[in-house]
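Single-structure report; data block below.
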Amino acid sequence: MWIRDVRPWGGPAADIRLEGEAIAEVCPHGDRGRPRAEGGSPGVSEDGHTEELDGRGRLLLPAFADVHVHLDSTRLGLPFRPHTGGPGVWTMMLNDREHWRDAEVGIVERATHTLGLMIARGTTRVRSFAQVDTDAGLERLEAVLAARDAHRHRAEVQVIAFPQAGLLREQGSAAVLEDALRAGADVVGGIDPCTLDRDPVRHLDIVFDLAQRYAVPVDIHLHEPGELGRFSADLILERTEALGMQGEVLISHGYGLWDGTQEQTTTLVERFAAADIATATIAPGGRQTLPLQQLAEAGVRVGLGEDGQRDYWSPYGNADMLDRTWQLAFTHGFRADELVEHALAVGTRGGAGIMDASLTRLTGVTDRPGLAVGDRADLLLVAGGAPTAAVMDRPTDRTVLHRGRVVADALVLT
């Protein structure tokens, strides 16, 4: 298959040849003849599959990777409801627990619908949390697994068994988390070992023991502030190194990690790099920003996600990672094109490197990977005069490919 007349990362017009799931050739636009299927019309094979895609001069970017989303709590597509949550993780969790079963449609339908919207808007790699606790059991996990199966040819989805209610506050929580791994979860989660469970050693012992026994990565929500957050991060770093789990651990949010002195920040970035611990952000407003340039230069993998979307925690989120890329750039005060484009690189290739640690990672704010020969053809064609313009305008003229196959066009699922 050929993709004609596209501008990789906003550069000169090019033609891209795909073979199977990968990019096989990149050449200046017009340098290669138009393929013609034997006995058929240009660009169409004998079995009717597209052999040529007209890019119409649009930008060519890697498809997005949302590496922090809660598909099990979404209300996208449902009527707006007033926000009823209170302050703090525990209070918000109880509010969600009170309402999530009462939505207008079932959780499987909601998760499947939202994942479809994400794909249509350019996301083909997804890491979704699924809350498992003594209230929900495995019901929410099963819904996310069902959504993944429904879109199995359109996106790659990793599912995180997530103990939103902690592991020690309710008897049986750790057993449910293990049940989730037996049921097919890809990643084991943890959350605020100090402020929620108030016993970081026991909490992290459970999480890392399960990770070792089931050979899965770790993803820990860390909302803890300042020195307390850095203390929890230090414990996570110690376990990662002691167990040889470099490249298999991610700290989500980490709001309080980066509000210390410059020396503390530099030391923590260096330790993340040495242990190959990744981090994911949702680009929140009113929070400490990440040292994105330092993290990139150190080779630390950073990804972006939308978190909950129009759910019982928050009214924000619209299944559009291009919109969330704008938010990442805006909350970090980026104006220079190279920095806005770096936000785009974090939302695309940065997240991809979290789901597959073997991929080439960003090593600076000017890196623009993901469109070279040999890269998997998870691609986004989007209108725009330049990548920064696309981030600012968020145009709807988009075509999405997953593993070399068109899976969405003009925000309509194929």
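Residue numbering for the sequence shown follows the numbering used here, starting at 1090 and increasing by one per position.
For glycine and all other residues, C-beta sits at the position ideal for the given N, C-alpha and C.
- Taking 8 Å as the cut-off, the Cβ atoms of leucine 1299 and leucine 1266 count as close.
- One thing to note: leucine 1165 has its Cβ within 8 Å of the Cβ of glutamine 1398.
- The beta-carbon distance between alanine 1154 and arginine 1214, rounded to whole angstroms, is 4 Å. This is short enough to meet the 8 Å contact definition.
- By the 16-neighbour rule on beta-carbons within 10 angstroms, valine 1277 is buried.
- Here isoleucine 1309 really is in contact with glycine 1279; their C-beta atoms are around 4 Å apart, less than 8 Å.
- Distance check between glutamine 1247 and each of Ala1219, Ala1225, Ala1264 and Arg1258 places Ala1219 closest, using alpha-carbon atoms only.
- Close CB contacts of glutamate 1386 within its chain, under the 6 Å cut and outside five residues either way in sequence, are with Gly1453 (chain order).
- Residue burial annotation: phenylalanine 1423 is buried, with at least 16 other C-beta atoms found within 10 angstroms of its C-beta.
- With fewer than 16 other Cβ atoms from the protein chains shown falling within 10 Å of its own Cβ, valine 1194 counts as exposed.
- Annotation for valine 1429: the continuous alpha helix (DSSP H) segment containing it runs 1426-1434.
- In the DSSP assignment, alanine 1497 falls within the beta strand (DSSP E) that extends over 1494-1498.
- Residue burial annotation: phenylalanine 1169 is exposed, with fewer than 16 other C-beta atoms found within 10 angstroms of its C-beta.
- The residue among Arg1186, Gln1382, Leu1150 and Ala1264 with its C-alpha nearest the C-alpha of glycine 1211 is Leu1150.
- Contact between alanine 1497 and alanine 1209 holds, with the beta-carbon distance rounding to 4 Å and staying under 8 Å.
- In the same chain as aspartate 1426, and ignoring 5 residues on each side of it, the C-beta atoms closer than 6 Å to its own belong to Thr1477, in chain order.
- In the three-state DSSP reduction, glycine 1392 falls in the strand class (E or B).
- Among the bridge pairs identified by DSSP, glutamine 1220 is matched with Phe1251.
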